Amino acid sequence: SYQGATQEIQLTAELTQQLKKLSQQTGTTLFMTLLSAFAVLLSRYSGMNDIVIGSPIANRTQSQTESLIGFFVNTLVFRIDLEGDPNVTALLKRVRRVALDAYANQDIPFEQLVEELQPVRSFSHSPLFQVMFVLQNVPTGSLELVGLSLTPLEPESVVAQFDLTLSMEETDQGLDGTLEYSTDLFGAATMERLMGHFKTLLTGLVDNPQQPIHELPLLTEAEQQQLLAWNDTATDYPHDKTLVDLFEDQVEKTPEAIAVVFEDQQLTYRALNTKANQLAHYLQNMGVKPDILVGICVERSLEMVIGLFGILKAGGAYLPLDPAYPAARLAFMLEDAGVGMLLTQSSLIDSLPETTAPVIFQDDKTEVLSQHRSENPLSGVGPEHLAYVIYTSGSTGKSKGVPITHQNLVHSTSARFCYYSEQPKCFLLLSSFAFDSSVAGIFWTLVTGGNLVLPAQNAHQDTLQLAQLIKQHQVSHLLAIPSFYAVLLEQAERQQLVGLRTVIVAGEACSSELVKRHYERFEHLSLYNEYGPTEASVWSSVYKCLSQEPRSEVPIGRPIANTQLYILDEHQRPVPVGVPGELHIGGDGLARGYLNRPDLTAEKFIKNPFSDDPNARLYKTGDLARYLPDGNIEYLGRIDNQVKIRGFRIELGEIEAALGQYPFVKETAVIVHEDSQTDKRLVAYLVPHQGQVIENAELRGFLTERLPDYMIPPVFVTQEALPLTPNGKIDRQALSLLSVDRLKLSEDTFVAPRDALELQLAQIWEEILNVRPIGLRDNFFDLGGHSLLAVRLMVTVGRFKNNLPLAALFQGPTIEQLAALLRQDEETDALLWSPLVALQPNGSKPPFFCVPGEGGNVIYFYELARSLGQDQPFYGLQAVGLDGQSKPYTSIEEMAARYIQEIQTVQPEGPYLLGGHSFGNQVAFEMSQQLQQQGHEVALLAIIDTFAPHILSDQPGMIWEEEAQWIVDVAETIEHWLGQPLEVSSEVLQPLDADEQWNYFRERLVMANVFPPDVDMEPIRGLVGIFKANRQIRYTPPQDFFPTRIALFRASEAMEGSEEEALSEMRQEPTWGWSLFAAEPVIINVVPGDHITMLNPPHVQVLAE
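The sequence shown begins at 142 in this note's numbering and counts up by one.
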């Protein structure tokens, strides 16, 4: 909008003289010195080392121009290279060379430079540069006129021609400056800080010209103190205790309170402690002691919680192993961690990898364990010993273990006591115990006397079941990823969630839209946004969301107790408020490092330069963040190839490494695509070895053996080559711009919808998956579907059939399978056979209503509706009687009247867009007449390849006496549409009795994908019955008709044997008789193909255009 504002800056005379002195010492001018400093400031703010700044120049180098009055000013462009972190003196020399080169070419007009370089132009910014610097070192003269008093008048509004324009002017007091900025991009507070940092930087620049530019100070003293205050989080907590101590203290307080609930089973605190003690004594006898790792691979159950506490009480540390992981991944974790033993369940024996560690089947040891002592064991474990190890995705292709001590765990848990005013009375655990978010729910709940509820094994992603569970158990606390909570919020009834007291979202970015929806439904229910990596013991910061969030992305808050958060540049120097940098974490939550990875530990866990403790460390998160003015932190994304999808932390390099092991893959790159619904999906781009073909199904099976489900890309795109950047690296930005809308393996595998139910299911899938088109046999999960989208899908499908379980989708993940399940229920009948079928219901344009040929089925309009685009609603009007049960209409007038009732449920008033194909044009014409009779406007009647009704009324229709002849007739028509034989003829049918004839016809239609495999006989008979009924109808148009605007779409080819002699003659008349009924000259369009193929690809695209 070019709206702007200004910010003033004043440099003292002393600083100005120091800058001039430095300029003299380095052989530069004051302009060059200030330009250099401004470039450094922009670099420090942007993180970029290639800075382009424009500046005006008088351009009066010729003596002839000295006495001329006129505007000779030109604009120079200075490209300043800050690479290599030069010191101040070296930078000034660089800028001097750049400036002198620019001065030498100042005669070249800026416009000519733009024309030669041809940069990408935009109305939103100027070409070549968006930042201007001006130094006015010529005194401003005052204008004096006799008899007049003149006062400068400042404009009321500022127009910002550039993003930033810094104008400096020498005065007697030093240097005065004005920063003009675009208010569309920057706020006043940010610009005030920017100028304050410029002043600080200039002071540092003259104080020590030999220091590297990254060491030049930016922060004012007040800002440095502010950052220290934000990190002043020291709080007392039981740092000398272990998690076991806290739990045993709670058992003493509330021994009979319910501790854990799973389905219809539950344990009190006393019972949980007793069983955990018995297991602990058994494990100690097996050799478990402090810092010994015990693997635990169990399903959700009471045994899971008993196992965790049993291991901790024995003095050991637990390694959670999700049974859903591939055996190869489990095997790597067991070997890499060097577990002392493995605790599991007998039902999982077939999915466990081979291991040299002793394997204990917890459920088979019930009798043995009950004989062990029940008192609390003595383990010798202390705060410094390991509590657990959790593996996270690794960029090298192997996951990495993160060892967490008891002190880390007690710190993390105790910090919740400090921050949250209400402790969990009942906590619903959603995450797998193999993820550290489970630590918050399990231990926070069980050291404060709460009730931990475990959902059933297959219910943890089913929002409807979980909502009922929340209500049933009066759950007070919930921790979920934002995308899952959004679905729960959308699908659950209010009364199911009204008992919640605290909702925490974590694991991915939280949007202000989610916060808004939360507080719209639950005004008094607190919502918190937590942040923290596994390496910092679950959480490091938290933010209490506001009901009126001013930002699109919700902050991650401030550091929790005994935690410090620093946002640093690449040289580990603090960045100012508002400037992006890498988030570093310090404090008592930091893990030991990475298990058996000293190299990676040294790289990611660095010495804390802000602490007096020589052992203090910082963890480099790899997260990009910035401080907000109020001290909260905003998460901006990653600075590497790590991503988070639905709360899962994923290193893209690990996926690429697994793909690289596939024999047919030569090169690969994995990126994240984010669709319009902000749902993220992994997309793998593959380059095969020469002559090899990559079969997606085989590749997916290969990955299933190596990666967990959430790391397997749902989309594989084969490329001849991967795009590269100029320096030869994979251009991931270019990959992200490639379209992945069509994710089919090949066109010949695509099966289009065959009835209204399959059509509506396809539309739902396309909307939710953001993939178009989707065939009947495409797998929901192969197309990018996941558990959260599955919940949305099944709730939407619930309008066909209530209480359809989520498991139905996992058991039958295709449209064809889901439709077959739905057809078994009578609830879908009304929808399936409704005359009005929305082939494409979306779009802002007026809807188009189209009547099919004498077969009465609208599904053959599928390609036409799709070709018209996503902004054109398209409705078909299918014949009553296709179900084989309802009686077909026997007149055009009846049909038209019924269809008008149907279309007016979508569009009550005109103007209407009507059309038809073949027989359907007579119905569409009669609809136009009845609508106009009722006072409505018909804007268009689109006639697709049919003669006017007064011509057709004279043509006799073919009437057969025997059913077999009708079957053959209908089969021949369908063959034209399919372009393939059905092998249905009089010779084939003649030896069969009537039932056998119908069964044979049904069999051939199913084989040709005209009907689904589960179709019963009624729709087959209904199809033939509609042909019979429509063939016998004779329509005479009214004599007092209403002229209508008509467009005729004629096929370029006639179907062989399809015309009587009279129609052949009529074909010579350009409008085919429609001019008689037209309000204006008929619009004639000739479409490639014949009467049928014009509606199929590729000709249908011409028809649509």
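Backbone N, C-alpha and C define an ideal beta-carbon position, used for all residues, glycine too. All values reported here derive from a predicted model rather than from experimental measurement.
Segment limits, alpha helix (DSSP H) that includes ALA1105:
1104 to 1119
Does the beta carbon of SER164 sit closer than 8 Å to a beta carbon anywhere in chain D?
The displayed structure is made up of one protein chain only, and chain D is not part of it.
Taking the alpha-carbon positions, what's the ALA498 to ILE437 distance?
12 Å
Unbroken stretches of the alpha helix (DSSP H), 4 residues or longer, contained in the region 792 to 841
Taking 4 residues as the shortest admissible run, the region 792 to 841 contains the following complete alpha helix (DSSP H) segments, listed from N- to C-terminal end: 793 to 801.
Kindly list the residues whose CB is nearer than 6 Å to the CB of THR157, restricted to its own chain and excluding five residues on each side of it in sequence; keep chain order.
Closer than 6 Å at Cβ, skipping near neighbours: GLY315, LEU316.
For the region 978 to 988 and the region 1005 to 1012, state whether three or more C-beta atom pairs, one from each stretch, are separated by less than 8 Å.
Taking 8 Å as the limit for Cβ pairs, the verdict is that the region 1005 to 1012 does touch the region 978 to 988.
Can you grab the Cα-Cα spacing for the pair ALA1203 / ILE1233, in whole Å?
Unreliable positioning characterises ALA1203 in this predicted model, as indicated by a pLDDT of 49, which lies under 50. A coordinate reading is not provided.
Thinking just about the alpha-carbon of each residue, which of THR361, GLU333, ASN349 is nearest to the one in THR341?
THR361
ARG143 by DSSP, collapsed to three states: which one?
Per the sequence presented here, residue 143 reads as Tyr, with Arg not at that position. Note: TYR143 maps to coil in three-state DSSP.
For the candidate residues LEU1081, ARG692, HIS355, LEU950, whose alpha-carbon lies nearest to that of MET189?
HIS355
Spatial distance of GLU516 from PRO396 (CA atoms)
14 Å
Find the nearest neighbour of THR409 within the set ARG699, LEU587, PRO1179, judged by alpha-carbon distance.
LEU587
Please confirm if the region 1039 to 1053 is in contact with the region 1068 to 1087, defined as three or more CB-CB distances below 8 Å between the two stretches.
yes
Cutting at 6 Å between CB atoms, please list the residues of its own chain near GLN351, excluding the five before and the five after it.
Excluding sequence neighbours, GLN351 sits near ASN228.
In this structure, does DSSP put MET1036 in helix, strand or coil?
Helix at MET1036.
Cα-Cα, which of GLU444, LEU484, GLY479, GLU440 is closest to ASP463?
GLU440
Does DSSP classify PRO623 as helix, strand or coil?
Of the three classes helix, strand and coil, the one that applies to PRO623 here is helix, per DSSP.
Close Cβ partners of SER681 (< 7 Å) along its chain, the five nearest in sequence each way excluded:
TYR672, GLY673, PRO700, ILE701, THR704, LEU706, ILE726, GLY730
Going by DSSP, which residues form a beta bridge with GLN317?
The sequence given here has Asp at residue 317, not Gln. The partner list for ASP317 (beta bridge, DSSP) reads GLN151, GLU310.
Determine whether the beta carbon atoms of VAL402 and HIS614 lie at a separation below 8 Å.
yes
Distance check for ILE915 and GLN606, CA to CA, integer angstroms please.
Roughly 29 Å between the two C-alpha positions.
C-beta contact flag for ASP504 and GLU563 at 8 Å
no
Taking the beta strand (DSSP E) that ASN1226 belongs to, which residues open and close that run?
Taken as a continuous stretch (DSSP letters only), the beta strand (DSSP E) holding ASN1226 covers 1224 to 1228.
In whole angstroms, what is the alpha-carbon distance linking ARG235 and LEU759?
36 Å
Look at PHE303 and ILE150 and say whether their C-beta atoms are less than 8 Å apart.
no
Tell me whether LYS541 is buried or exposed, calling it buried when 16 or more other Cβ atoms sit within 10 Å of its Cβ.
buried
Of the residues VAL1147, VAL214, TYR660, ALA1105, the one placed nearest TYR244, counting alpha carbons only
Selected option, being the one with the closest Cα: VAL214.
So PRO1153 is in the beta strand (DSSP E); what residue range does that whole segment cover?
Looking at the DSSP string, PRO1153 is not in any beta strand (DSSP E), and its letter there is neither H nor E.
ASN1171 - DSSP class collapsed to helix/strand/coil
helix
Measure from the alpha carbon of TYR768 to the alpha carbon of each residue in VAL1064, ARG1175, THR312, GLU364, then state which is nearest.
With distances taken between Cα atoms, TYR768 lies closest to GLU364.
6 Å CB neighbourhood of TYR423 in its chain, flanking five on each side removed:
Excluding the 5 residues flanking it on each side, TYR423 has same chain C-beta neighbours closer than 6 Å at LEU510, HIS513, in chain order.
Considering Cα atoms alone, identify which of ASP919, GLY953, ASP923 is closest to MET935.
GLY953
Residues bridged to ALA1188 [DSSP beta-bridge criterion]:
ALA1083, ILE1224
Please work out which residues of its chain come closer than 7 Å, Cβ to Cβ, to LEU865, disregarding the five sequence neighbours upstream and downstream, and give them in chain order.
ILE871, ASP872
Starting from the C-beta of MET332, find all residues in its chain whose C-beta is less than 8 Å away, skip the five residues before and the five after it, and write them out in chain order.
ALA146, GLN148, LEU320, TYR322
Given that a residue counts as buried once 16 or more other Cβ atoms are within 10 Å of its Cβ, and exposed if not, what is ASP390?
The residue is exposed, with fewer than 16 neighbouring Cβ atoms inside 10 Å.
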